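Scroll down for the structure; my scribbles are underneath it.
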Amino acid sequence: MVGVDQSRHVVSATHLTSSEHRRGVECVCALYSDLRGASDEPSQCFILPDSSGRQVCDGCDPIWWGPVRCIHDTHSRLLYLRSDDNSTTNSNSSRRKSQHARLPAATMPALPTRVAIIGAGFAGLSAAATLEKHSVDYVVYEGAGRVGGRVYSIPYEDGCLQHGAEFINGENNEIYRIANERNLTVEYTRDFDLFSRNVQYGFNGQRLDKQLVKSWLDFVSDIELQFAKEAEQRSEMSVAERFRELYEQWITGDEKLEKDRVIFDRLARFYLTYYEIEWSSPANELALLNFADWDDGGEEKSASVTLEKKGFCDILDDIKLKVPEEKIRLNCVVKKVEYSGNGVTLTLENGEQHHYDFVIITCPLGFLKRNHASFFSPPLDSHKIDAIVNLGFGNMMKVFLEYSKPWWPLDVDAIAPLQSNSPLAESFPVFQPLYWNNKILVAWVSGKGPGLISSLGDEELVDGITQHLREALGDQTIPRPVRIFRHSWITDPLVGGSYSYLTPQSVKTVPDAFARMAEPILINDRPILCFAGEHTHPTMYQTTIGAYESGEREARRVIDYISLERP
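Numbers 216 to 782, taken from my numbering, label the letters of the sequence shown in order.
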């Protein structure tokens with residue numbers, strides 16, 4: 216029902232009953248007989264843009280300032296009644312105009328915002344910047360107390376430690392343009408260099424023979440290229456499965472290799488760790504098709520741009536400049552998204568409810584995996600749920616270890632403690648000296664590691680890491696770090712992991728899974744729910760670039776629809 220507080224002339228609800236619809240009533244304001252004068256004629260809808268570009272109902276009273284809901288079949292959306300005395304009105308509205316007085320200015324409600332963006336990561340900020348540029352009203356809801364999402368930089372001395380995104384893939388994109396313009400780029404680095412160039416290996420206290428390491432590197436040097444060549448043909452096979460086949464073919468029957476099989480088995484596990492860190496996926500869940508579908512447009516896919524010490528901290532600052540601070544609501548957790556032909560209602564954790572014509576959802580795939588059933592009403596269709604369930608969303612994190620001074624050789628690019636008796640041995644396969652500060656060692660944690668260490672306190676974690684390094688490298692003088700820095704993405708309720716990838720199951724059962732994630736929910740051809748985020752980009756998933764481009768894409772989708780709406 217429609218209710219009107221006659222003392223204040225404020226609409227308390229805007230829903231028509233079925234009987235009112237059968238009477239032919241098309242606009243809510245047709246029921247306000249106490250305001251516009253009694254009339255037995257059904258109101259007629261004429262949709263016109265007002266001076267601010269909003270859609271208004273010209274068949275309704277031009278004096279009424281409140282929002283109304285038009286339920287006409289051709290434009291079921293939130294409308295605003297005209298408030299300009301000099302507005303051109305049809306004869307019916309002009310005739311009704313003199314039948315009641317203008318509302319006092321103090322009681323005139325502000326026009327609602329048209330678009331809501333959930334999430335202020337790179338996708339959300341990009342969407343906001345695009346809407347801002349085109350003068351479309353919006354508000355951004357961010358559950359955390361900061362913007363950036365999985366770009367999470369914390370100041371350290373004269374630089375920043377990057378808990379999240381750290382590298383840039385490719386040059387033909389906005390993120391690289393910002394970095395280049397700000398002189399943030401340092402060099403291109405092959406992703407596998409961390410595992411192959413100037414690596415200090417340790418195995419139960421022994422350093423590995425250089426010739427043995429050379430034999431190993433010769434074997435693995437072209438495997439990723441082979442994965443790429445076979446990606447279409449063996450699309451449903453996992454990286455771990457195919458690698459084991461190649462590994463057994465290489466080592467079986469060769470007596471020289473077989474005698475060092477125990478060490479090579481550990482190197483094989485170490486090699487798979489490269490993919491688990493690079494792709495944020497257990498190797499047995501990473502489909503070979505990723506090597507065909509993922510593409511940053513560069514000449515070499517497996518190379519990234521290293522940034523200087525501020526890195527993504529400065530890139531985020533640049534992007535934030537395009538979005539006014541007052542349009543971002545921090546610490547506002549959205550608990551429910553209810554959508555229908557009448558628009559979208561968001562319910563916040565504090566109980567507030569807000570209504571919008573369009574909502575752009577940039578929540579990470581990990582959040583959707585955990586919450587889609589309770590987050591959306593009505594539920595998402597099975598088409599999209601299948602993609603959410605079957606796509607992978609991995610676990611990767613970094614632990615920054617601060618020492619009073621470096622204890623490792625300064626010419627080392629990585630430390631690989633292959634085996635020890637520490638309970639954390641499997642969780643910490645590789646450590647990397649931070650190139651711009653020689654007091655910091657970065658521990659890359661992958662596979663089951665992030666989940667295993669999420670419940671450990673700092674002291675327990677430091678004990679396990681120190682034991683692992685001392686035993687594997689055979690050096691009991693290795694000191695304990697004086698401080699550690701970490702952020703658990705897997706336990707972050709707003710994220711639930713690191714980034715997305717194709718699993719063998721998604722390849723088998725959900726063709727074009729990332730395209731499915733990008734599909735909007737349409738009602739009467741209106742994209743009321745739009746989806747952005749790295750997990751909605753068909754070729755640059757996993758990246759800040761994919762996230763940024765997807766946010767711009769969905770904002771333009773809304774803008775294009777608004778443009779088509781207008782006569």
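All residues carry an ideal CB built from backbone N, CA and C; glycine is no exception.
Values in this document were obtained by computation on a predicted structure and should not be read as measured data.
Do A747 and T577 have their C-beta atoms closer together than 7 Å? Contact: yes.
Between the Cα of E473 and the Cα atoms of S450, L427 and L487, which residue gives the shortest distance? L427
Please go through the same chain and pick out, in chain order, the residues whose beta-carbon is closer than 6 Å to the beta-carbon of V645, but skip the five residues on each side of it. A629, A631 and W659
Nearest candidate by alpha-carbon position, reference A446, set L779, L563, P719 and K524: P719
Cβ separation of F573 and P742, assumed to be a contact under 8 Å, to the nearest whole Å: 7 Å
Would a C-beta distance cut-off of 7 Å place S661 and T467 closer than the cut-off? no
Confirm, please, whether the CB-CB distance from L376 to D615 is below 7 Å. With the sequence shown as reference, residue 615 is identified as Phe, and Asp is not the correct amino acid for it. Yes, the pair counts as a contact, with Cβ atoms nearer than the cut-off.
Assign P719 to one of three DSSP states: helix, strand, or coil. helix
Could you check where the alpha helix (DSSP H) with S430 kicks off and where it finishes? K425 to V435
Taking the C-alpha atoms as reference points, what is the distance between E470 and Q647? 34 Å
Given 6 Å as the limit, tell me if I743 has its C-beta closer than that to any heavy atom belonging to the ligand SAM. The ligand SAM is absent from the structure shown, which contains no ligands of any kind.
Beta-carbon proximity of S519 to F382, cut-off 7 Å: yes
So is Q464 buried or exposed if we call it buried at 16+ other beta carbons inside 10 Å? exposed
Quick check on DSSP: helix, strand or coil for E402? strand
Do the region 697-710 and the region 436-452 make contact, defined as three or more Cβ pairs closer than 8 Å? In the pairwise beta carbon analysis, the region 697-710 is classified as not touching the region 436-452: fewer than three pairs are separated by under 8 Å.
Using the Cα positions of V604 and H683, report the straight-line distance between them to the nearest angstrom. 36 Å
Are there 16 or more other CB atoms within 10 angstroms of the CB of P735, so buried, or fewer, so exposed? buried
Between the region 675-682 and the region 349-366, do at least 3 Cβ pairs fall closer than 8 Å? no
For the beta strand (DSSP E) that contains F700, what are its first and last residues? R698 to R701
Threshold first: 3 residues or longer. Then list the beta strand (DSSP E) segments lying entirely within the region 724-772, N to C. 736-738 and 741-746
Tell me which residues share the same chain as R422 and place their Cβ nearer than 7 Å to its Cβ, disregarding the 5 neighbours each side in the sequence. Y416
When you compare the CB positions of N499 and Y716, do they come within less than 7 Å of one another, or not? no
The region 341-359 touching the region 477-485, judged by at least three CB pairs closer than 8 Å: no
Would you say P753 and A730 are within 7 Å of each other, going by their C-beta atoms? yes
Within the chosen definition, does the region 389-409 reach the region 542-560 through at least 3 CB pairs nearer than 8 Å? no
Mind reading off the beta-carbon distance from I530 to A394? Whole number of angstroms is fine, and I expect it under 8 Å. Right, the Cβ-Cβ distance comes to about 6 Å (below 8 Å), so this counts as a contact.
Quick check on I478: does DSSP put it in helix, strand or coil? helix
Grab the span of the alpha helix (DSSP H) containing T345 for me, first residue to last. F337 to K348
Cα separation between S430 and K542? If I take the Cα positions, the gap works out to 57 Å.
Judging by CA-CA distance, which residue of N384, T400 and G364 is the nearest neighbour of G512? Closest by alpha carbon: N384.
Using a Cβ-Cβ cutoff of less than 6 Å, which residues in the same chain neighbour H569 once the five nearest sequence positions on both sides are dropped? Cβ within range, chain order: L561.
Taking the alpha-carbon positions, what's the N653 to P621 distance? N653 and P621 have their alpha carbons spaced roughly 6 Å apart.
Cβ neighbour criterion (16 or more within 10 Å) applied to N398: exposed
Rounded to whole angstroms, how far is the Cβ of A502 from the Cβ of E451, which I believe are closer than 8 Å? 6 Å
Per DSSP, the bridge partner or partners of G374: Beta-bridge partners assigned by DSSP to G374: Y371.
For N546, which residues in the same chain have their Cβ closer than 8 Å to its Cβ, ignoring the five residues on either side in sequence? E357, G358, A359 and G360
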